[in-house]
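*Asks:* This is the structure I want to talk about, given as structure tokens.
Protein chains: 2
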Amino acid sequence: MTEETLLFLEKKDFKGLREYLSAFNPADIAILLSEIPEESLTVVFRLLPKELAAETFVEMDSDEQEFLLKAFSDKEIKEVMDELYIDDTVDIIEEMPANVVRRILANTDSEMRAQINEILNYPKDSAGSIMTTEFVDLQKDMTVAAAFEKIRRVGVDKETIYTCYVIDKNRHLLGLISVKTLLLTSMKSIIGDIMETNVISVSTMQDKEEVGENFTKYGFLALPVVDNENRLVGIVTIDDAIDVIQEENTEDIEKMAAITPTDKTYMKTGILETWFKRIPWLLLLMISATFTGRIITSFENALAANIALSAFIPMLMDTGGNAGSQASVSIIRGLALNEIEFRDIFKIWGKELVVALLCGLVLGAANFGKIMLLGETGGDVATAAVVCLTLVVTIVIAKFVGCTLPLLAKRIGFDPAVMASPFITTIVDALSLLVYFNIATAMLSNV
Amino acid sequence: MTEETLLFLEKKDFKGLREYLSAFNPADIAILLSEIPEESLTVVFRLLPKELAAETFVEMDSDEQEFLLKAFSDKEIKEVMDELYIDDTVDIIEEMPANVVRRILANTDSEMRAQINEILNYPKDSAGSIMTTEFVDLQKDMTVAAAFEKIRRVGVDKETIYTCYVIDKNRHLLGLISVKTLLLTSMKSIIGDIMETNVISVSTMQDKEEVGENFTKYGFLALPVVDNENRLVGIVTIDDAIDVIQEENTEDIEKMAAITPTDKTYMKTGILETWFKRIPWLLLLMISATFTGRIITSFENALAANIALSAFIPMLMDTGGNAGSQASVSIIRGLALNEIEFRDIFKIWGKELVVALLCGLVLGAANFGKIMLLGETGGDVATAAVVCLTLVVTIVIAKFVGCTLPLLAKRIGFDPAVMASPFITTIVDALSLLVYFNIATAMLSNV
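Sequence order for the protein chains is A and B. If you read the first sequence in the numbering used here, its first letter stands for residue 1, the second for the next number, and so on. If you read the second sequence in the numbering used here, its first letter stands for residue 1001, the second for the next number, and so on.
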């Protein structure tokens, strides 16, 4: 697609390029625009039919949006902004420098400006900040025919028309009705008689994570957002909910890898910011690992007496860390998807204990065989036994710590995702070495 | 909600309970049914109004579905099945034992049975296996009025009516049209003139992961599924796409933690299955860690000569592992969201190198200060310098390995998600110890 576009540009066949691009989806054109040289960006964008241009603009990266907005005349800004849904406008404004924002706001009418400001005022990550104020509202004494008339009149500017919201004079949310129901009912029916009254809504200040959870759980196409007096102020549509779901997943994954989450993609995050998101955790975990070092120091004599023992330290630490991460990550994910609750803790302990013993026995046996086969302890059965026994105990401890910490974190209101590999590994390392040296001291005569 | 239900049951106030439950969403009633004693399950389920009952049935866990199906009469099975969308029926059938499946199929009509069998025949994880065959199709010479008439006639059984598909006599997909467009156009318009002809579709055999990606990228409500002659055979709706997206995320997260992914939730996975999903990776990684042990053994003399060195092994290994995971997980997630491509490798190397040096310098300096402050090397500056220099080099290596392996995996068609913490840690452990002992041997006179 990029190649063809560059060819059209080279031949200065703008009419042909316009026709060629019209056959593509806005998301694909946005990718194309990120791949052509910046000096052609404005030319190509201006070739697009008005509606396609606006739809493409929404899909573009903020760097390229900013580049275009700076190149645009006021008239062009107005043309693009008029075509956008209000929540998309707000998303764009949030990424732009102040002078660009001023030009955007100067080219929107006062009603739109008021709505933009309303959404901008909600805290980051709240339901209010991701909603749109453009929805279809109906009154309960309307007929279906009147409802269709209203949808036809106002529908073109609404992000979705498929769920319509029934409100009273004070904008209190009374119910909702889908276009499917409207289409399958007689034109004379009264909205109040056929609307769905058990409406699930979120409040403007609720975390957007809960918005995503509602969509996953109930399979809605849109979710109403109300203020604390149950007045309807906006809706969140499913396309935005999917973005939220993916962002929450990315956040959880980053936390699991000891990275402070960021809104930006990897490629768009600057070097200093990337560093800043990673260094605090590395520092914290490095200092925690000091305790593990202390344990080794305090068993210096044991290590000096039986030098073979130290060769198994990495294997014990790694296996403990891996076994612990498996348990913790399973629990973290289950908690995120609401499949696990704190009260399941006894069932979880039971399961992890048996799984740990099974894993421990297999790994212990495999390891014993390997040690004897390769003569890693110089044929010393007792040392091999110490290593394998430690392995079993380490895995049990690791699985226990791994499954318990995320549950406890959730219980006390912390984010369970932080209790993943790095944290668990640090704790399990220290515990496994303590076990190792204690077992060695107890069982080996030369230590 | 559970408490109230149990109270109604105790008072045998079934009418009251029916009314009480009617106000809830099916997803919430399904959760309730999983929390009440099994002997009340059939009673409560039978109280639900027919449509709500079917909607609730879809949301229930397969264990409870099986329990109910076994308690149902043939008439009841038929009643529930008649209300279900075909893709939901298929999902249920896939989880049921053979005798229950036979009873379900015996109570569906032959056309439905044929469609069920068609979907069941597609490979697991293919687009065909998650599609529904119930959609609205239109002809291109229809008027909008005729289209509405058809929607009104057939719409009630269709999972979505909001996107209608235009096909020719041989069922080739010609275009699509949304109900929004239909509602906002004159009743006399001809479908062929107003339909969208640039249709993005997937083929029946494509991986369902790509289905999820299409929804994330384009923001569709439904996606058409075609056979290899572009004949429309089904559609995937967005609610099922969200499930796919969440499953793919769970799979990636499990792979990152060295767990073989499973379709089941943590609580529903048996002990032996849980063990079986975890043990191969633990075994593989344990054996890989042997090499790390070998490195320690081969530098036995160095360790014996300067016993302080061994105290820093856990810290070096952990920090290297953490630094590597941060890089690998960032890249894996970027690849999964299509934000990163292989050709970005040079930019990524550049960024990770600078970030690694910045992290290394801060951690090295902090560590040096800590060692001297706590006298961990007994005031020996040279050993402290060796540890800190190793730390810097380890972090650079870790970030390099961490960002490169997922990219290479993707390049050669492997799943990048496997190249996360456990794998990276094992490799980085070995490399960091090699660096450590080599630097120590070169810089310290007593080693």
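Cβ atoms here follow ideal geometry from the backbone N, Cα and C, with glycine treated the same way. Only a predicted model underlies this, so the values are computations on that prediction, with no experimental measurement involved.
#1: State the Cα-Cα distance for the pair glycine 1364(B) and alanine 311(A), rounded to the nearest angstrom.
#2: By Cβ distance below 8 Å, which residues in the same chain neighbour glutamate 1035(B) in space, the five residues on each side in sequence not counted?
#3: Spatial neighbours of isoleucine 397(A) within its chain, please: CB distance less than 6 Å, with the 5 preceding and 5 following residues excluded, ordered by chain position.
#4: By a C-beta neighbour count over all protein chains shown, 10 Å radius and 16 as the cutoff for buried, is phenylalanine 1299(B) buried or exposed?
#5: In the DSSP assignment, find the unbroken alpha helix (DSSP H) run with alanine 1222(B) in it and report its ends.
#6: Assign serine 1330(B) to buried or exposed, taking buried as 16 or more other Cβ atoms, counted over all protein chains shown, within 10 Å of its Cβ.
#7: Whole angstroms are fine: how far does the CA of alanine 145(A) sit from the CA of glutamine 139(A)?
#8: Under the three-state reduction of DSSP, which class applies to arginine 18(A): helix, strand or coil?
#9: For a test of the three-state rule: what should DSSP assign to glutamate 1055(B), helix, strand or coil?
#10: If you compare alpha carbons, which of Ala336(A), Ala327(A), Pro314(A) is closest to alanine 356(A)?
#11: Return the CA-CA distance between threonine 1297(B) and asparagine 446(A), expressed in angstroms with no decimal places.
#12: Any chance the stretch 107-125 of chain A sits against the stretch 147-154 of chain A, with 3 or more Cβ pairs inside 8 Å?
#13: Helix, strand or coil, according to DSSP, for tyrosine 1165(B) in the structure here?
#14: For the beta strand (DSSP E) containing threonine 237(A), list its first residue and its last residue.
#15: Against chain B, does tryptophan 349(A) count as a neighbour if the rule is that its beta carbon must be under 8 Å from one of theirs?
#16: Between threonine 1181(B) and phenylalanine 1276(B), what straight-line distance do the alpha-carbon atoms span, to the nearest angstrom?
#17: Assuming serine 1178(B) is part of the beta strand (DSSP E), what are its boundary residues?
#18: Rounding to the nearest angstrom, what Cα-Cα distance links methionine 959(B) and alanine 1257(B) in this structure?
#19: Check whether the Cβ of phenylalanine 312(A) lies closer than 7 Å to any heavy atom of the ligand NAP, and answer yes or no.
#20: Who are the near neighbours of methionine 70(A) in its chain, counting only those whose CB is closer than 7 Å to its CB and skipping five residues on each side?
#21: Taking a contact to mean a Cβ-Cβ separation below 8 Å, would you say leucine 1309(B) touches alanine 1440(B) in this structure?
#22: Which residue spans inside the stretch 372-432 of chain A form an unbroken beta strand (DSSP E) run of at least 3?
#23: How long is the line joining the alpha carbons of leucine 9(A) and alanine 23(A), rounded to whole angstroms?
#24: I need the straight-line Cα distance from isoleucine 1348(B) to cysteine 1403(B), nearest angstrom please.
#25: Thinking C-alpha only, which one of Ile1031(B), Glu1352(B), Ala1127(B), Phe1045(B) is nearest glutamate 1019(B)?
#26: For the stretch 369-396 of chain A, which residues have a beta carbon sitting closer than 9 Å to at least one beta carbon of chain B?
#27: Reducing DSSP to helix, strand and coil, say where aspartate 157(A) ends up.
#28: According to DSSP, what are the bridge partners of leucine 138(A)?
#29: If I measure Cβ to Cβ from alanine 417(A) and keep anything under 7 Å in the same chain, skipping five residues before and after, which residues do I get?
#30: Classify asparagine 1228(B) as buried or exposed, calling it buried when 16 or more other Cβ atoms lie within 10 Å of its own Cβ.
#31: At 9 Å on the CB atoms, spell out the chain A contacts of threonine 1089(B), in chain order.
#32: Measure the alpha-carbon distance for asparagine 1322(B) versus lysine 410(A) and round it to whole angstroms.
#33: Just checking, does the stretch 1212-1219 of chain B make contact with the stretch 191-206 of chain A on the three C-beta pairs under 8 Å criterion?
#34: Along the chain, where does the alpha helix (DSSP H) that runs through glutamate 229(A) open and close?
#35: Comparing the C-beta of glutamine 1448(B) with each C-beta of chain A, is any distance below 8 Å?
#36: List the endpoints of the continuous alpha helix (DSSP H) containing lysine 1478(B).
*Replies:* Short version:
#1: 25 Å
#2: Thr1002
#3: Leu431
#4: buried
#5: If you look at alanine 1222(B), you'll find it isn't in any alpha helix (DSSP H); it sits in the beta strand (DSSP E) that goes 1222-1226.
#6: buried
#7: 12 Å
#8: helix
#9: helix
#10: It is Ala327(A) whose Cα lies nearest to the Cα of alanine 356(A).
#11: So the two alpha carbons sit approximately 19 Å from each other.
#12: no
#13: strand
#14: 232-237
#15: no
#16: 52 Å
#17: Counting along the chain, the beta strand (DSSP E) containing serine 1178(B) begins and ends at 1173-1178.
#18: Chain B is shown from 1001 up to 1447; residue 959(B) falls before or after that span and cannot be answered.
#19: This structure does not include the ligand NAP; it has no bound ligands of any sort.
#20: Here residue 70(A) is lysine; the residue named in the question, methionine, does not match the sequence. Closer than 7 Å at Cβ, skipping near neighbours: Val100.
#21: yes
#22: none
#23: Taking the straight line from one Cα to the other gives about 17 Å.
#24: 7 Å
#25: Phe1045(B)
#26: Lys370, Leu374, Glu376, Leu391, Ile395
#27: In the displayed model, aspartate 157(A) falls within a helix according to three-state DSSP.
#28: Val166(A)
#29: Asp252, Lys255, Met256, Ile332
#30: It counts as exposed.
#31: Residues of chain A passing the Cβ test: none, with the nearest at roughly 16 Å.
#32: 23 Å
#33: no
#34: First-last for glutamate 229(A): undefined, no H or E at that position.
#35: Outside the shown range of chain B, which is 1001 to 1447, sits residue 1448(B), and nothing can be said about it.
#36: Past the edges of chain B, shown from 1001 to 1447, lies residue 1478(B), and the structure says nothing about it.
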